[in-house]
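Here the structure comes first, spelled out in structure tokens, and everything after it is commentary.
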Amino acid sequence: MAGALQILGGVDVSSSRTAGAAAAYAPLTRAQRAALDHVRAVARRDRPAVLTSIARVLAGCDVPGEPAQVIEAIAEGGGLTVNFHPDRLLADGRSVAEALTEEGVYRSQFETGISNGGLTAYPGGDRDRWEAALFGGAYQATGVRLAERPIYGGLDLLGHPEGACPRFGSCHLRLRPTVLARTTFCFGDSHLGPTVVGTTDAFEPVLAALLHDTDERGGCLGMAGMDSVTLLRTLLARRHRVGWTPGEPARSLDDYVEAQVHGGVDLGRDVEALVADPSFQGTACGATLAGLARRYGFPLYWHRGFALPVDRVDPEFRGPAIPPLAARVLDRFGRPGAPVDAALIGRAAASVVTEPGQWADRGPAAVTLQHLKQLWHVVVRFGEAY
Numbered sequence: 001m002a003g004a005l006q007i008l009g010g011v012d013v014s015s016s017r018t019a020g021a022a023a024a025y026a027p028l029t030r031a032q033r034a035a036l037d038h039v040r041a042v043a044r045r046d047r048p049a050v051l052t053s054i055a056r057v058l059a060g061c062d063v064p065g066e067p068a069q070v071i072e073a074i075a076e077g078g079g080l081t082v083n084f085h086p087d088r089l090l091a092d093g094r095s096v097a098e099a100l101t102e103e104g105v106y107r108s109q110f111e112t113g114i115s116n117g118g119l120t121a122y123p124g125g126d127r128d129r130w131e132a133a134l135f136g137g138a139y140q141a142t143g144v145r146l147a148e149r150p151i152y153g154g155l156d157l158l159g160h161p162e163g164a165c166p167r168f169g170s171c172h173l174r175l176r177p178t179v180l181a182r183t184t185f186c187f188g189d190s191h192l193g194p195t196v197v198g199t200t201d202a203f204e205p206v207l208a209a210l211l212h213d214t215d216e217r218g219g220c221l222g223m224a225g226m227d228s229v230t231l232l233r234t235l236l237a238r239r240h241r242v243g244w245t246p247g248e249p250a251r252s253l254d255d256y257v258e259a260q261v262h263g264g265v266d267l268g269r270d271v272e273a274l275v276a277d278p279s280f281q282g283t284a285c286g287a288t289l290a291g292l293a294r295r296y297g298f299p300l301y302w303h304r305g306f307a308l309p310v311d312r313v314d315p316e317f318r319g320p321a322i323p324p325l326a327a328r329v330l331d332r333f334g335r336p337g338a339p340v341d342a343a344l345i346g347r348a349a350a351s352v353v354t355e356p357g358q359w360a361d362r363g364p365a366a367v368t369l370q371h372l373k374q375l376w377h378v379v380v381r382f383g384e385a386y
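The end of the sequence shown is residue 386 by the UniProt record's numbering, with every number in the run present.
Here you go:
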């Protein structure tokens, strides 16, 4: 595959952005409104001090604009992405891509029972406790259904072709800008108990933390060497951009602004594009993804992908168990000399579920599936374009 994005089917993103704006509204339940209100109230508590901090950065770096203009640029030019592995199997045997096609909605871990992070989404589990703290107990109220829980994604401020959170999936849905109005954000993953939160109309705490962190670490959202000046200029430049223009891949595994979408993700209403890993081209999963895009009327893009030769799987990055697993996956599902990629890892993950006896020597299936997740992290971190 060449480095540039390619498009298959669907409709033009720029035209669908306007035409679908009204359709992206979703009626919120009492719990969902309460969650948004709680985060907004927390974000507004220290707003005056935070605004002063942002204005100081703007003045010091000689970037024209007011804090409000930067926030507006984020609301207009920032993109919400929901990363997922399309070939992982649900409890009923369907792949994620098949379920999305048949149901037309993206379901949370509380409903699917699968995860590309930690599997802790059940009443009383870690995810439940994190949400109780983050949303003021809104989703723990009596009578709240699991289907009301938020959908997790990331805020893509720099147009990363692999999405804001590639650690959670090789493909991603790009959501319509109007979904931002019912989204909450936190600086740092929610499992870390973040104290910096925001909404699009109270985003200043997250922006201030992002600017500070950018200068502290000398990088931002996976982009090494970026400083707060460059970040602000980039955000302001994207303000009036129509449609999605992809930026450079960031390989960001831990550096992202987490987003929580309240009110669900309906594919026909909320999605403006599907961006997939090119390793699925020519496969059954790829055909399912193409059918998904056609059915719900959005374009399918192929990003550059990630591929890594087996002999370059780092034993230090995710541990010594990963290189031999990579060799085994390639031997079982690949061809000699081929690199490890998303589709190859997916075939192994499906086999662990459907043929557990083939993997019994490695211990519990849950451990092997966790190691396959970590193998994907290594491929994202060190892999080359597919």
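For glycine and all other residues, C-beta sits at the position ideal for the given N, C-alpha and C.
Note that this is a predicted model, so its numbers are computed, not measured.
Distance, Val96 Cα to Val329 Cα: 21 Å
For Gln358 and Phe333, the rounded distance between their alpha carbons: 13 Å
Residue ranges of each alpha helix (DSSP H) within the stretch 226-270, 4 or longer: 228-237 and 267-270
Cβ neighbours of Gly169 in the same chain (closer than 7 Å, five flanking residues each side left out): Asn83, Phe84, His85 and Asn116
C-beta atoms of Cys220 and Leu231 nearer than 8 Å: yes
Cutoff 6 Å; reference Thr29; Cβ partners in own chain excluding five residues on either side: Glu148
Three or more C-beta pairs below 8 Å linking the stretch 340-348 and the stretch 289-297: no
Buried versus exposed call for Glu216 [16 or more other C-beta atoms within 10 Å across all chains shown]: exposed
Status (buried if at least 16 other CB within 10 Å, exposed otherwise) for Gly282: exposed
Unbroken beta strand (DSSP E) run spanning Asp311, endpoints: No beta strand (DSSP E) holds Asp311; DSSP gives it neither H nor E.
Classification of Glu102 by the beta-carbon crowding that lies within 10 angstroms, buried from 16 upward: exposed
Euclidean distance between Cα positions of Ala22 and Arg318: Any reading at Ala22 must be qualified, since the residue scores a pLDDT of 43, below 50, and its modelled position is unreliable; no value is offered.
Beta-carbon contacts of Leu236 that lie in its chain and below 6 Å, excluding the five residues immediately before and after: Gly65 and Ala73
When Tyr106, Gly104 and Thr112 are compared against Ala91, the one with the closest alpha-carbon: Thr112
Own chain, CB closer than 6 Å to Glu131, minus 5 neighbours either side, in chain order: Tyr139
Simplified DSSP state of Val378, which is helix, strand or coil: helix
Same chain only: Cβ atoms within 7 Å of Asp270, ignoring 5 sequence neighbours per side: Ala24, Leu175, Arg176 and Val179
Meets three-Cβ-pair contact criterion under 8 Å: the stretch 151-171 and the stretch 245-262: yes
C-beta contact flag for Leu375 and Ile322 at 8 Å: yes
Residues bridged to Thr283 [DSSP beta-bridge criterion]: Its beta-bridge partners do not exist; DSSP assigns none.
Whole-angstrom distance between Val42 and Ala208, CA atom to CA atom: 15 Å
Ala49 versus Cys186 - alpha carbon distance: 18 Å
Spatial neighbours of Glu204 in its chain, beta-carbon cut-off 8 Å, leaving aside the 5 residues before and after: Ala43, Arg47, Val50, Leu51, Ile54, Pro67, Ile71 and Gly198
Assigned secondary structure, Arg328 (DSSP; H/G/I helix, E/B strand, else coil): helix
Residue range of the alpha helix (DSSP H) that includes Asp37: Arg30 to Arg45
Limits of the unbroken beta strand (DSSP E) element including Asp277: Run containing Asp277: none; DSSP gives neither H nor E here.
Beta carbon of Ile151 nearer than 8 Å to that of Val310: no
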